[in-house]
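Encoded as structure tokens, the structure appears first; notes follow it.
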Ligand SMILES: NC(=O)c1ccc[n+]([C@@H]2O[C@H](COP(=O)([O-])OP(=O)(O)OC[C@H]3O[C@@H](n4cnc5c(N)ncnc54)[C@H](OP(=O)(O)O)[C@@H]3O)[C@@H](O)[C@H]2O)c1
């Protein structure tokens, strides 16, 4: 028999990379139950356990009844969904409204980003969608219902840095735009998941903007830490920030359909432009968590 008094956290996108880590973090807390929302349960069968209910759910087609069933009884609803504005803005607004109607204490949308509130509009479409969600969601906040944006900088991760065009680990090359000295906030996937799980379960009020991060280092500092573990590497400057902006616009104009041509450069503008640094860290709210620094993460082989 499931223990129905233990808090239930609903995780949307539970079969994604971050979603799975959040489910794992939630399960480290005794008694916590998880409802894992997944589109294809057969692909997520390994998530099911005595404390994890696998719930088939597609946000794009969900009816009001399905949204109600997905969120019923939740203490918190956490989204790690990925997608365009239909998912990030409209879909998450529906999911958030269902969470509120179900009496949940809070909704955590799929942000997990640098400071999307200080990055100017028009730099990164993904950030613009998340900010548009935040603006519309803030009206739903009340004394009983929180919307919490988890903001942790960029993930310390080989794939993410490859996507950004920053790290080519095989060729031992690190590339950057600007002067390489701009500070960047870094956190591992696992630590972000742990902070998100802690925020989801928090009995106390949680700030609307939950800034947490493992480290703040420039790209040149990162390169030094990487080289200390992996040996000599080539560091290449790709151009100035103005050149980055011009290259982004050029690719957007010539290959509008090819997201991978220009989206990494939009993120690079956020990372190297220095306009999206996190606000004061709230990590101290969760003293049991000690996120890895860049050097520690590199030493563990994360990048
Ligand atoms: N700051 C950084 O460095 C950084 C880097 C990477 C990601 N992120 C952010 O982290 C968050 C999670 O990213 P991720 O890489 O973990 O994403 P992911 O692995 O692509 O997972 C996203 C999940 O969303 C599910 N999904 C998408 N559309 C759906 C829909 N209409 N209905 C139901 N489920 C749907 C997918 O389901 P299926 O499994 O069925 O496809 C998938 O499991 C995103 O907000 C992303 O922007 C941040």
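Numbering (the working numbering), first residue to last: 208 to 510.
Backbone N, C-alpha and C define an ideal beta-carbon position, used for all residues, glycine too.
Predicted model, so just to flag it, every value in this text is computed and none were measured.
Taken in chain order, the complete beta strand (DSSP E) segments of 3 or more residues contained in the region 264-344 are 283-286, 313-315. Short of 6 Å from the beta carbon of residue 348, and not among the five residues preceding or following it, lie these beta carbons of its own chain, in chain order: 354. Note that the region 282-300 touches the region 309-326; at least 3 beta-carbon pairs, one per stretch, sit closer than 8 Å. Counting only residues of its own chain and dropping the five nearest sequence neighbours on each side, residue 226 has a CB closer than 6 Å to the CB of 218, 220, 287. Excluding the 5 residues flanking it on each side, residue 277 has same chain C-beta neighbours closer than 8 Å at 217, 219, 242, 244, 262, 264, 269, 302, 305, in chain order. Shown here, residue 410 sits in coil according to DSSP, grouped into three states, outside any helix or strand. Setting aside the 5 residues that flank it on each side, residue 458 is surrounded in the same chain by 468, 469, each with a C-beta closer than 6 Å to its C-beta; the list follows chain order. DSSP, read as helix, strand or coil, puts residue 395 in coil. Between residue 230 and residue 299, the alpha-carbon positions lie close to 19 Å from each other.
With respect to the C-alpha of residue 246, the residue from 484, 223, 236, 487 having the closest C-alpha is 223. In this structure, DSSP gives residue 366 a helical state, which the three-state scheme calls helix. Using a cutoff of 7 Å, the CB of residue 226 counts as near ligand 1, since one of the ligand's heavy atoms is closer than that. When C-alpha distances from residue 473 are compared across 410, 327, 498, 255, the shortest belongs to 327.
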